[in-house]
Amino acid sequence: MPKWTLTWTLRQSERGNHRNGSSQKTVLGDDGEWVLSIPRDRHGRFDPALIRKYQRRFPGFDEKIIALYARGLSTRDIQAHVGELYGVAISPDLGSAVTDSVIAEVRAWQSRPLESSYALVFFDAPRVKIRDEGLIRNKAVHLAIGVRCSGHKEVLGLWIEQTEGAKFWLRVMNELKARGMGDT
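Oh and the sequence shown: position 26 is 165 in our numbering, straight run, nothing missing.
Here's what the structure looks like:
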């Protein structure tokens, strides 16, 4: 049992300490206010770990939702997981709104201008398991990694394809060229 639960705290404390109801706490998250019910113990020794005493902000909640989404959970799975973990009901729309907010950043990264030349460019395609239409499938993630003359490495692009061929690589090379990369 995790140390941050009230049940664990009560098991570790001396006799006579037991649950003493709960108190309401308003916490400011990245997406507005939440009213939480924080459990108490008689002796006041329970200190919640997720949102500490006197803490009014819930930092990094969006990042946690994005991490769950990146691991392949659907927005409904995220809703259930957050409810189970934190005891907070969120709507599937909140999960979608948080994950959709990242899409703009991803698109900006994918279309960012590149250096005109790199000392080296590596192309590789590791196979990874990816959730696709509710199923886990093996797909190739094609990587283009450029090494600048200073030695700094930079991921130039990522492309997920089931197979590779001449047409795919022509599309990749044209995309890199359109983003400002010349001969390497």
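Backbone N, C-alpha and C define an ideal beta-carbon position, used for all residues, glycine too.
Beta-carbon spacing of residue i, residue j below 7 Å
i      : j      : result
Pro265 : Val245 : no
Gly285 : Glu293 : yes
Ser235 : Thr214 : yes
Gln301 : Lys278 : yes
Tyr208 : Thr238 : yes
Three-state class that DSSP yields for residue i in the structure shown
i      : result
Ser176 : strand
Ile229 : coil
Asn313 : helix
Arg287 : coil
Thr165 : strand
Glu293 : strand
Arg246 : helix
Supposed close pair residue i, residue j - CB separation, criterion 8 Å
i      : j      : result
Leu315 : Leu253 : 7 Å
Distance, residue j Cα to residue i Cα
i      : j      : result
His291 : Ser255 : 15 Å
Glu172 : Ile205 : 19 Å
Glu223 : Ala283 : 39 Å
Leu295 : Ile217 : 30 Å
Asp232 : Pro178 : 28 Å
Lys142 : Gly273 : Summary for Lys142: the model assigns pLDDT 44, below 50, so the residue's position carries little reliability; its value from the coordinates is reported in the next sentence. So the two alpha carbons sit approximately 35 Å from each other.
Contact test: residue i Cβ vs the ligand SAM heavy atom, cutoff 6 Å
i      : result
Lys316 : The ligand SAM is not part of the structure shown, which contains no ligands of any sort.
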